[in-house]
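Chains as they are written, first to last, in our numbering: chain A, 88 to 480; chain B, 1091 to 1699.
Heads up, the beta-carbon is just placed ideally off N, CA and C, and yes, glycines get one too.
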């Protein structure tokens, strides 16, 4: 590889990499492939004709990106790795394990590193899960979405409800330290009972983490088209609020408490990688369309796998967008992200001119003060965007 | 060719063209300019006489013009034809009547494919009242859809002539236009007046020009007006020096004087058309006339609407713009007004809906303003129990005390339409509190319906409704016909208990409930959910007649926010905050500006033609 020229991004990164960061250090690897695209999904993912052929080029480029990153990013050690997608488990367990080894070689994994892989219940079996566990993955997160067949149908999901529970049981048998499930709620056609059944059955498996997302109709998706044409009713915010409370109640009863607006975990089951995002940590981004962050510098790789690989071979990195976050934006993000967490936000993170607003939010029952921090109430969790808007200038 | 000021009245023919929009008046005027040789082909452009962009674009004449056309007849004699253009819309009936009063003849121009329209009919009646010689003409005979025989019979029936008397022309191709000009020479009477008497001239138009000041168009009835002379406006007794007199042919040509029967312009240096009013009589200051020509009337605004700048900081610009427009528009009145919901603006009075629309469009186009206009309303005289009378031009001024009676202006409306739509028109007029005065068949399949209607019902999207119920075939004309006492109430719209002045309306008691329900329902859709429940109420005084509720917002948060979403979500929040800054606060309720516009515009009735 030729000697890379000094782009503004490289310069900004080098400046930030001179000193050892005290923030949590993560690596996010994006696998941009799915077997089929779900109607609601607007993620950066592609459905390749021949996964083996296309992923081969991707894997080589991703490996090169990780190797190259060694010279730009000196994190000390890596606390968390998260391989997300897309559907990472479309790649073989060997490929995923190789990627992880590359990260270890380049940066060094901490002894207690959390290593997560996202998985589709359809695309794993006991053998694959055993291999992943042996290869160093400590945590697995299944895209369950729902256990109600008619809800899965609206979401275009291909797996059967029973498959999700089987996959969780297999992951537990493989010995993963943490098993998580992602669900989507307030899908048109879903009832309170459908959701309650889904959550109860998942919690019954003994998972220690649940993420729940209200269905968002993202522009440009097939779902958005269907809603516009009146084929599917738009998700209702009041219904979503009711469903959120169902989830929160059932989780609490099973010993999972909320630690972020859309995340519940048993004590010790919190996703450390995601906490890094919300607490202003640093992470390196690998793969097409992945976003990285270091100390107020944010960047994004080329989105399309082909553009990404071409960039990697030409330049060593694939950065197409760089943002040096202004202090005002950093302040806003701190409020926006900090308030999402149960640990809350230090009162001092709110600017002096907005301190009075805190009292108003407390009086309105949306915030509580816990020592020198402010924390969302149950009602406040659902109205966090408005609160953030009012607490920032 | 005879010079201005030295023209034998016997050789003068003063006429105007009465026509509906799109029936080809401007094209015919263009052709006459060419046939008489006043404008040669090289300098010709379409709608030569229409000055304002809006006029040319929309094909309507807002202000009239007068052009002097020297013409050598087939008899070899030199004539002077004065074509006095008339404004073509219902709102300007008075201006039309003054233009017609300056003529001895009128060309009734009707589209051979469409037949006569209601406004044309109304103007024809005005011409007949002024004893004008009417020359019926069918235009556009070159169109495949033309039905000259049918419509000739219709015209003959209306004015009581023979179908053979109806000329058939195509202003576009020029066919029949030379014959029409000969007919004008032959039929239109020459003006008569006392050449030696004190000067008397009728003002039929008054236009502000930024270089010359006000240019006043007059028709000399008696005596003569000479340049440098001192003149008196007989309604105001104001005196001015005549800096210039002249004729338009088709560009202004100064002359020494204007004599009996002649049509031309005066310039006195005044800067405001209010000092030179349409319908007034001009006379000499020394040994002037003692009796004015009849028919002068102050312009009276009939329709009111609040105009507000979308951006509050544009208020001074709006004020300056209105001050400028006023120089050229004697009928426009306005005064500052404050709305809780819309901020600072002006309550403006207009002759009618088209006048409102034209003013609004000129403000937006010529002065680059973005405006919100409140739903148009009429003037109400409210008599209180103590016999005092309050004149209400803004619903929010409606008195709250003991009210004895409320009176509203009524109009006599004429609707012309194909007979198949009679049922639909009657139904519409019925729901608008109309009283049928009479109905006549103009021809086998065309009907004239005459109604008395409250003006308030017409300004409330009547024209759009009429058009949509008659597939666009019906035409409407109306003239004011005094006031009537009616059972009217003010409906207020309350948002979280606070009245929103912009949405108050004065409506008939029987319609108050429907108005309240529809406005409350509309606002419920338009106003975003707040942190608290917001009742929307419609009330008459303290009595609530309709209620809707905007439920409190329960969820606004986007569930997912991972590493790749942070910038996007921050930008989304920043955008939402920007949006909040544009919200208007009504009490504690945040209302987006768009909600006001949407709520007002759907009830805003603006006649398109």
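query: Please tell me whether residue 1684 of chain B has its Cβ less than 9 Å away from any Cβ of chain A.; result: no
query: Please decide whether residue 161 of chain A counts as near chain B, where near means a Cβ-Cβ distance under 9 Å.; result: no
query: Under 8 Å, CB to CB, which of the residues in the region 230-260 of chain A have a partner in chain E?; result: No chain E is part of this structure, whose protein chains are labelled A and B.
query: With DSSP run on the structure shown, which of helix, strand or coil describes residue 1365 of chain B?; result: helix
query: Write down every uninterrupted run of the beta strand (DSSP E) in the region 256-283 of chain A whose length is 3 residues or greater and which is fully enclosed by it, in chain order.; result: 265-272
query: Since residue 1411 of chain B meets chain A, which of its residues come closer than 7 Å, beta carbon to beta carbon?; result: Per Cβ cutoff of 7 Å: no residues; residue 1411 of chain B is ~35 Å from chain A at best.
query: Check whether chain A comes within 9 Å of residue 1647 of chain B, counting only Cβ atoms and requiring the distance to be less than that.; result: yes
query: So residue 1640 of chain B contacts chain A; which residues on that side make the cut at Cβ distance below 7 Å?; result: Chain A residues near residue 1640 of chain B: none, gap ~12 Å exceeds 7 Å.
query: Can you name the residues of chain B whose CB is closer than 9 Å to the CB of residue 361 of chain A?; result: 1652, 1653
query: Between the region 1518-1530 of chain B and chain A, which residues of the former have CB atoms less than 7 Å from a CB of the latter, in chain order?; result: none
query: Under 8 Å, CB to CB, which of the residues in the region 1654-1668 of chain B have a partner in chain A?; result: 1654, 1656, 1657, 1659, 1660, 1663, 1664, 1666, 1667
query: Under a CB-based cut-off of 9 Å, is residue 471 of chain A close to chain B?; result: yes
query: Output the boundary residues of the beta strand (DSSP E) element that contains residue 1168 of chain B.; result: 1168-1174
query: Would residue 1670 of chain B count as contacting chain A if we go by Cβ distances under 9 Å?; result: yes
query: Hey, could you find the ends of the alpha helix (DSSP H) residue 443 of chain A is sitting in?; result: 442-450
query: Would you mind stating whether residue 1256 of chain B and residue 1228 of chain B have Cβ atoms separated by less than 9 Å?; result: yes
query: When the Cα of residue 1208 of chain B is compared with those of B:1113, B:1677, B:1155, which residue comes out closest?; result: B:1113
query: In chain order, what residues of the same chain have a beta carbon less than 6 Å from the beta carbon of residue 107 of chain A, not counting five sequence neighbours either side?; result: 163
query: For residue 1347 of chain B, list the residues DSSP reports as bridge partners.; result: B:1316
query: Taking residue 1643 of chain B as the query, report the chain A residues whose CB atoms sit under 8 Å from its CB, ordered along the chain.; result: 324, 470, 473
query: Quick check on DSSP: helix, strand or coil for residue 1122 of chain B?; result: helix
query: Could you check which residue in A:417, A:352, A:179, A:236 has the C-alpha nearest to that of residue 366 of chain A?; result: A:417
query: Give me the residue from A:155, A:193, A:144 with the minimum Cα distance to residue 165 of chain A.; result: A:193
query: What span of residues does the alpha helix (DSSP H) with residue 1299 of chain B cover, start to end?; result: Not the alpha helix (DSSP H): residue 1299 of chain B falls in the beta strand (DSSP E), residues 1290-1299.
query: Using the three-state DSSP reduction, which class does residue 417 of chain A fall into: helix, strand or coil?; result: helix
query: Tell me, please, whether the CB atom of residue 88 of chain A is closer than 9 Å to any CB atom in chain B?; result: Note that residue 88 of chain A scores 44 on pLDDT, short of 50, meaning its location in the model is unreliable; the coordinates nonetheless yield the value given after this. Answer no: the Cβ-Cβ gap between residue 88 of chain A and chain B never drops below 9 Å.
query: Cα separation between residue 1441 of chain B and residue 1234 of chain B?; result: 38 Å
query: Residue 1437 of chain B by DSSP, collapsed to three states: which one?; result: strand
query: Counting beta carbon pairs with one atom in the region 1417-1426 of chain B and one in the region 1468-1481 of chain B, are three or more of them shorter than 8 Å?; result: no
query: Which runs of the beta strand (DSSP E) at least 3 residues long sit entirely within the region 174-207 of chain A? Give them in chain order.; result: 196-206
query: Grouping DSSP H, G and I as helix and E and B as strand, with all else coil, what is residue 1062 of chain B?; result: Outside the shown range of chain B, which is 1091 to 1699, sits residue 1062 of chain B, and nothing can be said about it.
query: Is the region 319-327 of chain A in contact with the region 1643-1650 of chain B, if contact means three or more CB pairs nearer than 8 Å?; result: yes
query: Give the DSSP-derived three-state secondary structure of residue 161 of chain A in the structure shown.; result: coil
query: Along chain B, which residues have their Cβ under 8 Å away from the Cβ of residue 424 of chain A?; result: 1651, 1656
query: List the residues of chain A that residue 1621 of chain B touches, going by C-beta distances under 9 Å, in chain order.; result: 451, 453, 470, 473
query: Cα separation between residue 145 of chain A and residue 155 of chain A?; result: 15 Å
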